[in-house]
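Student: Heads up: the sequence shown runs through residues 15 to 311, numbered per the working numbering.
Note that beta-carbon positions come from the ideal geometry of N, C-alpha and C, so glycine has one too.
One structure, as C-alpha coordinates, below. Some questions next.
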Amino acid sequence: MGSDVLILTIYFLVVIYVLYQMALSIENTLENKLRVELDRETLLGQVKMQLKQLPSPQRITAKVDQLEMKGIKFPPFLALKVTSHNDPDEQFLVMVDVGPTGKMPLAKSIKDLNINIQNTTSDAQVFIDWDKSSITSGKARRTQRVIRSGVPITGGLPRAQLLSVVNPGETFIAQVTGENCLGFDPESQTLKAKRSLVEMLDVAEYITDMMELNMKLGDIEDVAPTLAYGLRLMIGIRQITYQQQSQTTYLMLPFEFKAVLLEDEIAFPPLRWLLSRPRPASARDALSTLLLGRPRL
(Lines of atoms letter the chains of each structure in order from A and count residues from 1; the text may use other names and numbers.)
(Lines give C-alpha, C1' and ligand atoms only; values in the text may rest on other atoms or scores of the structure.)
Protein backbone atom coordinates (compact mmCIF):
# COMPACT_ATOMS: atom_id res chain seq x y z
CA MET A 1 0.00 0.00 0.00
CA GLY A 2 2.82 2.36 0.88
CA SER A 3 4.64 1.69 -2.38
CA ASP A 4 1.46 2.43 -4.38
CA VAL A 5 1.11 5.80 -2.68
CA LEU A 6 4.76 6.58 -3.37
CA ILE A 7 4.38 5.67 -7.05
CA LEU A 8 1.25 7.78 -7.36
CA THR A 9 2.95 10.70 -5.65
CA ILE A 10 5.96 10.52 -7.96
CA TYR A 11 3.67 10.21 -10.97
CA PHE A 12 1.67 13.20 -9.82
CA LEU A 13 4.80 15.29 -9.34
CA VAL A 14 6.10 14.33 -12.79
CA VAL A 15 2.79 15.30 -14.39
CA ILE A 16 2.77 18.65 -12.60
CA TYR A 17 6.36 19.31 -13.64
CA VAL A 18 5.69 18.42 -17.30
CA LEU A 19 2.56 20.56 -17.41
CA TYR A 20 4.37 23.48 -15.82
CA GLN A 21 7.21 23.27 -18.35
CA MET A 22 4.65 23.11 -21.16
CA ALA A 23 2.94 26.20 -19.75
CA LEU A 24 6.24 28.08 -19.60
CA SER A 25 7.03 27.07 -23.18
CA ILE A 26 3.64 28.18 -24.47
CA GLU A 27 3.86 31.42 -22.48
CA ASN A 28 6.76 32.52 -24.67
CA THR A 29 4.56 32.26 -27.78
CA LEU A 30 1.61 34.22 -26.39
CA GLU A 31 0.82 37.51 -28.06
CA ASN A 32 -1.50 40.23 -26.86
CA LYS A 33 -4.14 41.48 -29.26
CA LEU A 34 -6.50 44.40 -29.72
CA ARG A 35 -10.23 44.08 -30.13
CA VAL A 36 -11.65 46.86 -32.31
CA GLU A 37 -15.40 47.42 -32.23
CA LEU A 38 -17.84 49.92 -33.68
CA ASP A 39 -19.06 52.57 -31.25
CA ARG A 40 -22.75 51.86 -31.79
CA GLU A 41 -24.09 54.44 -29.34
CA THR A 42 -22.24 57.36 -30.93
CA LEU A 43 -23.22 56.33 -34.46
CA LEU A 44 -26.88 55.73 -33.74
CA GLY A 45 -27.29 58.69 -31.40
CA GLN A 46 -25.90 61.25 -33.83
CA VAL A 47 -27.78 59.84 -36.84
CA LYS A 48 -31.09 59.89 -34.97
CA MET A 49 -30.41 63.47 -33.88
CA GLN A 50 -29.95 64.46 -37.53
CA LEU A 51 -33.12 62.63 -38.59
CA LYS A 52 -35.17 64.52 -35.97
CA GLN A 53 -34.15 67.81 -37.56
CA LEU A 54 -35.42 66.80 -41.01
CA PRO A 55 -38.78 68.12 -42.25
CA SER A 56 -40.14 64.56 -42.52
CA PRO A 57 -38.21 62.41 -40.02
CA GLN A 58 -40.73 59.58 -40.28
CA ARG A 59 -39.59 58.75 -43.83
CA ILE A 60 -36.16 57.54 -42.68
CA THR A 61 -35.37 55.62 -39.50
CA ALA A 62 -32.05 54.21 -38.31
CA LYS A 63 -30.73 51.33 -36.23
CA VAL A 64 -27.48 49.41 -35.83
CA ASP A 65 -28.05 45.82 -36.88
CA GLN A 66 -25.95 42.66 -36.81
CA LEU A 67 -26.49 39.47 -38.77
CA GLU A 68 -25.89 36.03 -37.29
CA MET A 69 -25.58 32.75 -39.16
CA LYS A 70 -25.03 29.34 -37.54
CA GLY A 71 -23.87 30.96 -34.32
CA ILE A 72 -21.39 33.25 -36.08
CA LYS A 73 -22.00 36.98 -35.66
CA PHE A 74 -21.04 39.28 -38.50
CA PRO A 75 -19.78 42.85 -37.90
CA PRO A 76 -22.53 45.37 -37.06
CA PHE A 77 -23.71 47.83 -39.71
CA LEU A 78 -25.93 50.88 -39.95
CA ALA A 79 -29.38 50.11 -41.36
CA LEU A 80 -31.35 53.08 -42.69
CA LYS A 81 -34.99 52.21 -43.34
CA VAL A 82 -36.30 54.41 -46.17
CA THR A 83 -40.03 54.77 -46.85
CA SER A 84 -40.89 54.35 -50.53
CA HIS A 85 -42.04 57.52 -52.23
CA ASN A 86 -44.34 55.57 -54.55
CA ASP A 87 -45.90 53.41 -51.80
CA PRO A 88 -45.88 54.78 -48.22
CA ASP A 89 -46.57 51.28 -46.87
CA GLU A 90 -43.29 49.95 -48.27
CA GLN A 91 -39.93 50.42 -46.60
CA PHE A 92 -36.50 49.44 -47.91
CA LEU A 93 -33.04 49.33 -46.36
CA VAL A 94 -29.88 51.23 -47.13
CA MET A 95 -27.12 49.30 -45.35
CA VAL A 96 -23.76 50.97 -44.63
CA ASP A 97 -20.90 48.79 -43.39
CA VAL A 98 -17.43 50.13 -42.53
CA GLY A 99 -14.46 48.10 -41.33
CA PRO A 100 -12.22 46.43 -40.40
CA THR A 101 -13.24 45.31 -36.93
CA GLY A 102 -12.54 42.37 -34.63
CA LYS A 103 -9.40 40.99 -33.01
CA MET A 104 -6.13 42.26 -34.44
CA PRO A 105 -2.48 41.47 -33.65
CA LEU A 106 -0.38 44.31 -32.34
CA ALA A 107 1.89 44.06 -35.38
CA LYS A 108 -0.97 44.82 -37.76
CA SER A 109 -0.95 48.08 -39.71
CA ILE A 110 -4.04 49.38 -41.48
CA LYS A 111 -3.58 51.33 -44.68
CA ASP A 112 -7.22 51.85 -45.62
CA LEU A 113 -10.79 51.29 -44.47
CA ASN A 114 -13.44 49.25 -46.27
CA ILE A 115 -16.84 50.64 -47.20
CA ASN A 116 -19.81 48.56 -48.31
CA ILE A 117 -23.13 50.23 -49.13
CA GLN A 118 -26.16 48.22 -50.25
CA ASN A 119 -29.11 50.09 -51.66
CA THR A 120 -32.11 47.74 -51.55
CA THR A 121 -34.64 50.49 -52.27
CA SER A 122 -36.70 50.60 -55.45
CA ASP A 123 -36.94 54.37 -55.87
CA ALA A 124 -34.03 56.08 -54.10
CA GLN A 125 -30.45 56.93 -55.00
CA VAL A 126 -27.60 57.10 -52.48
CA PHE A 127 -24.83 59.66 -53.02
CA ILE A 128 -21.44 59.64 -51.30
CA ASP A 129 -19.79 63.03 -50.91
CA TRP A 130 -16.09 62.25 -50.44
CA ASP A 131 -14.97 65.86 -50.08
CA LYS A 132 -17.33 66.38 -47.13
CA SER A 133 -16.13 63.19 -45.44
CA SER A 134 -13.13 62.86 -43.13
CA ILE A 135 -11.00 60.14 -41.60
CA THR A 136 -9.40 60.17 -38.14
CA SER A 137 -6.55 58.08 -36.72
CA GLY A 138 -3.62 58.10 -34.31
CA LYS A 139 -3.16 59.12 -30.69
CA ALA A 140 -3.50 62.77 -31.66
CA ARG A 141 -6.77 62.01 -33.50
CA ARG A 142 -5.41 63.56 -36.67
CA THR A 143 -8.16 64.26 -39.18
CA GLN A 144 -7.52 63.98 -42.89
CA ARG A 145 -9.41 64.31 -46.10
CA VAL A 146 -10.92 61.04 -47.35
CA ILE A 147 -9.60 59.75 -50.67
CA ARG A 148 -10.79 56.66 -52.54
CA SER A 149 -8.03 54.20 -53.34
CA GLY A 150 -7.50 52.81 -56.81
CA VAL A 151 -9.16 55.63 -58.74
CA PRO A 152 -7.43 56.17 -62.15
CA ILE A 153 -5.57 59.45 -62.28
CA THR A 154 -3.12 61.07 -64.66
CA GLY A 155 -1.96 64.03 -62.61
CA GLY A 156 -1.61 64.83 -58.92
CA LEU A 157 -4.09 64.64 -56.12
CA PRO A 158 -7.47 65.97 -57.33
CA ARG A 159 -8.81 69.08 -55.66
CA ALA A 160 -12.35 67.74 -55.84
CA GLN A 161 -13.66 64.20 -56.08
CA LEU A 162 -16.73 63.15 -58.00
CA LEU A 163 -19.73 61.98 -56.04
CA SER A 164 -20.28 58.23 -56.02
CA VAL A 165 -23.83 57.13 -56.85
CA VAL A 166 -25.47 53.91 -55.67
CA ASN A 167 -28.64 53.32 -57.67
CA PRO A 168 -31.60 51.21 -56.48
CA GLY A 169 -30.73 47.55 -56.12
CA GLU A 170 -26.97 48.16 -56.40
CA THR A 171 -24.04 47.55 -54.05
CA PHE A 172 -21.05 49.87 -53.75
CA ILE A 173 -17.69 48.67 -52.41
CA ALA A 174 -14.62 50.87 -51.98
CA GLN A 175 -11.46 51.35 -49.95
CA VAL A 176 -10.62 54.77 -48.54
CA THR A 177 -7.69 56.30 -46.73
CA GLY A 178 -6.35 59.68 -45.67
CA GLU A 179 -4.73 61.90 -48.26
CA ASN A 180 -1.42 61.87 -46.34
CA CYS A 181 -1.24 58.09 -46.76
CA LEU A 182 -1.56 58.12 -50.53
CA GLY A 183 1.07 57.35 -53.10
CA PHE A 184 1.05 57.08 -56.89
CA ASP A 185 1.18 53.57 -58.39
CA PRO A 186 2.85 53.91 -61.82
CA GLU A 187 1.76 50.45 -62.97
CA SER A 188 -1.96 50.97 -62.47
CA GLN A 189 -1.81 54.77 -62.85
CA THR A 190 -3.85 55.11 -59.68
CA LEU A 191 -3.49 56.59 -56.21
CA LYS A 192 -3.17 53.88 -53.57
CA ALA A 193 -2.48 53.75 -49.86
CA LYS A 194 1.30 53.56 -49.46
CA ARG A 195 1.66 54.57 -45.81
CA SER A 196 -0.16 53.22 -42.79
CA LEU A 197 -3.28 54.98 -41.64
CA VAL A 198 -2.91 53.52 -38.15
CA GLU A 199 -0.47 51.19 -36.40
CA MET A 200 -2.10 48.86 -33.90
CA LEU A 201 1.07 48.90 -31.82
CA ASP A 202 0.72 52.67 -31.33
CA VAL A 203 -2.87 52.18 -30.18
CA ALA A 204 -1.77 49.46 -27.72
CA GLU A 205 1.01 51.67 -26.36
CA TYR A 206 -1.45 54.50 -25.78
CA ILE A 207 -3.79 52.14 -23.89
CA THR A 208 -0.86 50.87 -21.80
CA ASP A 209 0.22 54.44 -20.97
CA MET A 210 -3.31 55.26 -19.84
CA MET A 211 -3.42 52.14 -17.67
CA GLU A 212 -0.12 53.09 -15.99
CA LEU A 213 -1.36 56.64 -15.46
CA ASN A 214 -4.56 55.36 -13.83
CA MET A 215 -2.52 53.16 -11.51
CA LYS A 216 -0.40 56.13 -10.43
CA LEU A 217 -3.54 58.13 -9.74
CA GLY A 218 -5.00 55.26 -7.74
CA ASP A 219 -7.79 54.63 -10.24
CA ILE A 220 -8.45 50.89 -10.31
CA GLU A 221 -11.21 51.06 -12.90
CA ASP A 222 -10.58 49.70 -16.38
CA VAL A 223 -9.38 52.10 -19.05
CA ALA A 224 -12.18 53.21 -21.34
CA PRO A 225 -11.98 51.96 -24.95
CA THR A 226 -9.65 54.12 -27.04
CA LEU A 227 -10.42 55.49 -30.48
CA ALA A 228 -8.36 53.52 -33.01
CA TYR A 229 -9.73 55.14 -36.15
CA GLY A 230 -12.89 56.78 -37.38
CA LEU A 231 -14.69 57.73 -40.58
CA ARG A 232 -17.25 60.48 -40.87
CA LEU A 233 -19.05 59.60 -44.08
CA MET A 234 -21.34 62.11 -45.75
CA ILE A 235 -24.13 60.48 -47.73
CA GLY A 236 -27.26 61.74 -49.43
CA ILE A 237 -30.51 59.88 -50.06
CA ARG A 238 -32.73 61.14 -52.85
CA GLN A 239 -36.11 59.77 -53.88
CA ILE A 240 -36.53 59.19 -57.61
CA THR A 241 -39.77 60.79 -58.85
CA TYR A 242 -41.15 61.58 -62.27
CA GLN A 243 -41.40 65.29 -61.41
CA GLN A 244 -37.76 65.33 -60.19
CA GLN A 245 -38.83 67.65 -57.39
CA SER A 246 -37.71 65.61 -54.39
CA GLN A 247 -34.90 66.91 -52.21
CA THR A 248 -31.77 65.08 -51.13
CA THR A 249 -31.52 64.16 -47.46
CA TYR A 250 -27.91 64.48 -46.29
CA LEU A 251 -26.61 62.56 -43.30
CA MET A 252 -23.19 62.60 -41.66
CA LEU A 253 -22.47 59.05 -40.48
CA PRO A 254 -19.89 59.03 -37.64
CA PHE A 255 -18.30 55.58 -37.69
CA GLU A 256 -15.92 55.47 -34.72
CA PHE A 257 -13.99 52.32 -33.84
CA LYS A 258 -12.81 51.83 -30.26
CA ALA A 259 -10.02 49.44 -29.20
CA VAL A 260 -9.40 47.51 -25.99
CA LEU A 261 -6.27 45.53 -25.14
CA LEU A 262 -6.68 41.77 -24.80
CA GLU A 263 -4.09 39.75 -22.93
CA ASP A 264 -3.44 36.47 -24.68
CA GLU A 265 -3.90 33.36 -22.57
CA ILE A 266 -3.59 29.60 -22.88
CA ALA A 267 -6.83 27.90 -23.85
CA PHE A 268 -6.17 24.72 -21.79
CA PRO A 269 -7.45 25.51 -18.24
CA PRO A 270 -4.88 23.45 -16.24
CA LEU A 271 -1.98 25.17 -17.99
CA ARG A 272 -3.65 28.55 -17.53
CA TRP A 273 -4.08 27.81 -13.81
CA LEU A 274 -0.43 26.85 -13.42
CA LEU A 275 0.74 30.10 -15.00
CA SER A 276 -1.49 32.08 -12.65
CA ARG A 277 0.29 30.59 -9.62
CA PRO A 278 3.26 32.30 -7.95
CA ARG A 279 6.56 31.36 -9.55
CA PRO A 280 8.72 29.08 -7.32
CA ALA A 281 11.99 30.61 -6.20
CA SER A 282 13.75 27.25 -6.31
CA ALA A 283 13.16 23.63 -7.30
CA ARG A 284 12.86 22.78 -3.59
CA ASP A 285 9.80 25.00 -3.23
CA ALA A 286 8.28 24.20 -6.65
CA LEU A 287 5.51 21.87 -5.49
CA SER A 288 4.32 23.85 -2.46
CA THR A 289 4.42 27.14 -4.37
CA LEU A 290 2.44 25.83 -7.33
CA LEU A 291 -0.15 23.97 -5.26
CA LEU A 292 -0.44 26.13 -2.15
CA GLY A 293 0.55 29.48 -3.61
CA ARG A 294 3.41 29.92 -1.12
CA PRO A 295 6.83 28.32 -0.49
CA ARG A 296 7.24 25.65 2.14
CA LEU A 297 7.84 27.05 5.63
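Excluding the 5 residues preceding and the 5 following SER123 in the sequence, name in chain order all residues of the same chain whose CB lies nearer than 6 Å to its CB.
Tutor: The residue labelled residue 123 in the question sits at position 109 within the sequence shown. Answer for SER123: SER210 and GLU213, listed in chain order.
Student: Given SER151, which residues of its chain have a CB within under 6 Å of its CB, disregarding the five upstream and five downstream residues?
Tutor: Counting from one through the sequence shown, the residue named residue 151 turns up at place 137. LEU211, VAL212 and TYR243.
Student: Do you know offhand how far LEU201's Cα is from SER136's?
Tutor: The count along the sequence shown starts at 1 and reaches residue 201 at position 187. The count along the sequence shown starts at 1 and reaches residue 136 at position 122. Residue identity differs from the one stated: residue 201 is Glu in this sequence, not Leu. Looking at the two C-alpha atoms, the distance is approximately 39 Å.
Student: For PRO114 versus ASN128, is the C-beta spacing smaller than 8 Å?
Tutor: By 1-based counting over the sequence shown, the position of residue 114 is 100. By 1-based counting over the sequence shown, the position of residue 128 is 114. In contact: PRO114 and ASN128 (Cβ atoms closer than 8 Å).
Student: Which term fits PHE269, buried or exposed, when burial requires 16 or more other beta carbons within 10 angstroms of its beta carbon?
Tutor: Taking the sequence shown and counting its residues from 1, one reaches residue 269 at position 255. Looking at its Cβ environment, which holds 16 or more other Cβ atoms inside 10 Å, PHE269 is buried.
Student: For the beta strand (DSSP E) that contains ARG173, what are its first and last residues?
Tutor: Walking along the sequence shown from the start, residue 173 turns up at place 159. ARG173 -> no beta strand (DSSP E), and no H or E assigned at all.
Student: Can you give me the Cβ contacts of ALA273 inside the same chain, cut-off strictly under 6 Å, excluding the 5 residues immediately before and after it?
Tutor: Indexing the sequence shown from 1 puts residue 273 at position 259. Excluding positions up to five away in sequence, the list reads LEU48, VAL50, VAL217, THR240 and ALA242.
Student: Evaluate LYS206 with the Cβ neighbour count: other Cβ atoms within 10 Å of its Cβ, from every protein chain shown; 16 or more gives buried, anything less gives exposed.
Tutor: To locate residue 206, count along the sequence shown from 1; it is residue 192. It is buried - the Cβ of LYS206 has at least 16 other Cβ atoms within 10 Å.
Student: Pick helix, strand or coil for ASP223, following the three-state DSSP scheme.
Tutor: For the purposes of this step, residue 223 is identified with residue 209 of the sequence shown, where counting begins at 1. Reduced to three states, the DSSP call for ASP223 is helix.
Student: Within the same chain, show all residues whose beta-carbon is closer than 7 Å to that of THR263, passing over the 5 residues directly before and after it, in chain order.
Tutor: The count along the sequence shown starts at 1 and reaches residue 263 at position 249. Hits under 7 Å: LEU68, ILE74, GLY250 and ILE251.
Student: Straight-line CA distance for ARG238 to ASN228?
Tutor: For the purposes of this step, residue 238 is taken as the residue at position 224 of the sequence shown. For the purposes of this step, residue 228 is taken as the residue at position 214 of the sequence shown. One point to set straight first is that residue 238 is Ala, not Arg, in the sequence displayed. If you take the alpha carbons of ALA238 and ASN228, they lie about 11 Å apart.
Student: By DSSP, does ASP143 sit in helix, in strand, or in coil?
Tutor: Translated into the one-based positions of the sequence shown, residue 143 becomes position 129. Here ASP143 sits in strand by DSSP.
Student: Rounding to the nearest angstrom, what Cα-Cα distance links ARG173 and VAL160 in this structure?
Tutor: Position 159 of the sequence shown, counted from the start, is the residue given in the question as residue 173. Position 146 of the sequence shown, counted from the start, is the residue given in the question as residue 160. Their backbone Cα atoms lie some 12 Å apart in a straight line.
Student: Are the Cβ atoms of VAL140 and VAL180 separated by less than 8 Å?
Tutor: Here residue 140 refers to the residue found at position 126 of the sequence shown. Here residue 180 refers to the residue found at position 166 of the sequence shown. Yes. Within cutoff.
Student: Compare the C-alpha of GLU184 against each of LYS77, THR56, VAL108 and GLN261 and name the closest.
Tutor: For the purposes of this step, residue 184 is taken as the residue at position 170 of the sequence shown. Answer by Cα proximity: VAL108.
Student: Throw me the rounded Cβ distance for the PRO182 and ALA138 pair, which I believe falls under 8 Å.
Tutor: On the sequence shown, position 168 is the one that residue 182 refers to. On the sequence shown, position 124 is the one that residue 138 refers to. Indeed they touch by this definition, with Cβ atoms about 6 Å apart.
Student: Go to GLN189, then tell me how far its beta strand (DSSP E) extends in each direction, as first and last residue.
Tutor: Stepping through the sequence shown from its first residue, residue 189 is reached at position 175. Looking at the DSSP string, the run of the beta strand (DSSP E) that includes GLN189 is 185-192.
Student: From MET248 to ARG156, what does the alpha carbon distance come to, in whole angstroms?
Tutor: As a first step, residue 248 must be located in the sequence shown, where it is residue number 234. As a first step, residue 156 must be located in the sequence shown, where it is residue number 142. About 18 Å.
Student: Quick one: Cα of LYS66 to Cα of LEU265, how far?
Tutor: Within the sequence shown, numbered from 1, the residue matching residue 66 stands at position 52. Within the sequence shown, numbered from 1, the residue matching residue 265 stands at position 251. Rounded to the nearest angstrom, the two C-alpha atoms are 11 Å apart.
Student: Count the other C-beta atoms from every protein chain shown that fall within 10 angstroms of the C-beta of THR222, then say buried if there are 16 or more, exposed otherwise.
Tutor: Your numbering for residue 222 matches position 208 in the sequence shown. Its Cβ having fewer than 16 others within 10 Å, THR222 is exposed.
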